[in-house]
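Undergrad: Here it is, the structure, as structure tokens.
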């Protein structure tokens, strides 16, 4: 009997946690992540905010757990985007396009990712529990490994320069987050005359083209 009660309690807790994550994701997709508040999420679930803190240590852990879902979808998107028969440079360009398109369609993904990557690692580890950090690392690696495989193939064929493919994949991922931010803005800053800044509209396709060139150039050293 005690075992059955414990199982029921665990199931209820897991269901509530998933309910909170689903409400967080829905709010993020609708309004972005930067302005989301714990009160908004609690209201969407129909619970007191204190209950959220029974499942998550704070906003950072909730953001990290929500990012896991985005990264899982990203991994699937990247896998579908690549033509395995294509040359490594072409596959890298396909990954670049897919990453940018994914982020533009899901601005809250970029908000979540940037909110976490700008924190020092030791601070993030202190604020996010180990189970969530493990899930986050697994989900991120699932996406990065798509890039690592292409980089390794390119290095083996001599198309890419010898480098640490894992580190390079992390750099390309972080670089892509910045490019996605520009792709959402679609505005570049220049100067019409000395001291007079001016903004110029930049089409998404042009940003993607430059991103492809930059990504392949970095892989080629």
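In the working numbering, the protein residues as written are 127 to 347.
All C-beta atoms, glycine included, are put in the ideal place defined by N, C-alpha and C.
None of these values were measured; they are calculated from a predicted model.
1) Looking at the strands, I want to know which residues DSSP matches up with residue 313.
2) Can you tell me which of the three DSSP states residue 180 falls into?
3) To which residues of the same chain is residue 272 closer than 8 angstroms at the C-beta, ignoring the five residues directly before and after it?
4) Spell out a yes or no on whether the region 274-286 and the region 304-315 are touching, meaning 3 or more CB-CB pairs, one atom from each, closer than 8 angstroms.
5) Tell me whether residue 280 is buried or exposed, calling it buried when 16 or more other Cβ atoms sit within 10 Å of its Cβ.
6) Measuring only the C-alpha atoms, how far is residue 175 from residue 183?
7) What residue does the alpha helix (DSSP H) around residue 273 start on, and which one ends it?
8) Can you give the Cα-Cα distance for residue 178 and residue 160, rounded to whole angstroms?
9) If we call anything under 7 angstroms between Cβ atoms a contact, is residue 145 one with residue 254?
10) How many angstroms separate the CA atom of residue 291 from the CA atom of residue 278?
11) Can you list, in chain order, the residues of its chain with a C-beta nearer than 6 angstroms to that of residue 224? Leave out the 5 residues immediately preceding and following it.
12) Take residue 300 and list the residues in its own chain whose beta-carbon comes closer than 8 angstroms to its own, dropping the five residues that flank it on each side.
13) Residue 234 and residue 304: beta carbons closer than 7 angstroms?
14) Restricting to Cα atoms, I'd like to know which of 256, 268 and 295 is closest to residue 274.
TA: On the basis of the coordinates in this document:
1) In the chain shown, residue 313 corresponds to position 187, counting from 1. Answer is 327.
2) Residue numbering aside, residue 180 sits at position 54 when the chain shown is read from its first letter. Residue 180: helix per DSSP, three-state reduction.
3) Along the chain shown, read from residue 1 onward, the residue named residue 272 stands at position 146. Cβ within range, chain order: 201, 204, 205, 208 and 221.
4) no
5) Residue numbering aside, residue 280 sits at position 154 when the chain shown is read from its first letter. When all chains shown are included, residue 280 counts as buried.
6) As a working mapping, residue 175 is identified with position 49 in the chain shown. As a working mapping, residue 183 is identified with position 57 in the chain shown. When rounded, the distance between both Cα atoms is 12 angstroms.
7) Start at 1 with the first residue of the chain shown, and residue 273 comes out as number 147. First-last of the alpha helix (DSSP H) with residue 273: 256-283.
8) For the purposes of this step, residue 178 is identified with residue 52 of the chain shown, where counting begins at 1. For the purposes of this step, residue 160 is identified with residue 34 of the chain shown, where counting begins at 1. Cα to Cα, residue 178 sits roughly 18 angstroms from residue 160.
9) On the chain shown, position 19 is the one that residue 145 refers to. On the chain shown, position 128 is the one that residue 254 refers to. Cβ atoms of residue 145 and residue 254: not closer than 7 angstroms.
10) Start at 1 with the first residue of the chain shown, and residue 291 comes out as number 165. Start at 1 with the first residue of the chain shown, and residue 278 comes out as number 152. The straight-line gap from Cα to Cα measures roughly 7 angstroms.
11) Reading the chain shown from its first residue, position 98 is the one you call residue 224. Cβ neighbours of residue 224 beyond the five flanking positions: 203, 204 and 207.
12) In the chain shown, the residue the question calls residue 300 occupies position 174. 243.
13) Translated into the one-based positions of the chain shown, residue 234 becomes position 108. Translated into the one-based positions of the chain shown, residue 304 becomes position 178. No, they are not a contact pair.
14) Here residue 274 refers to the residue found at position 148 of the chain shown. The option with the nearest alpha carbon to residue 274 is 295.
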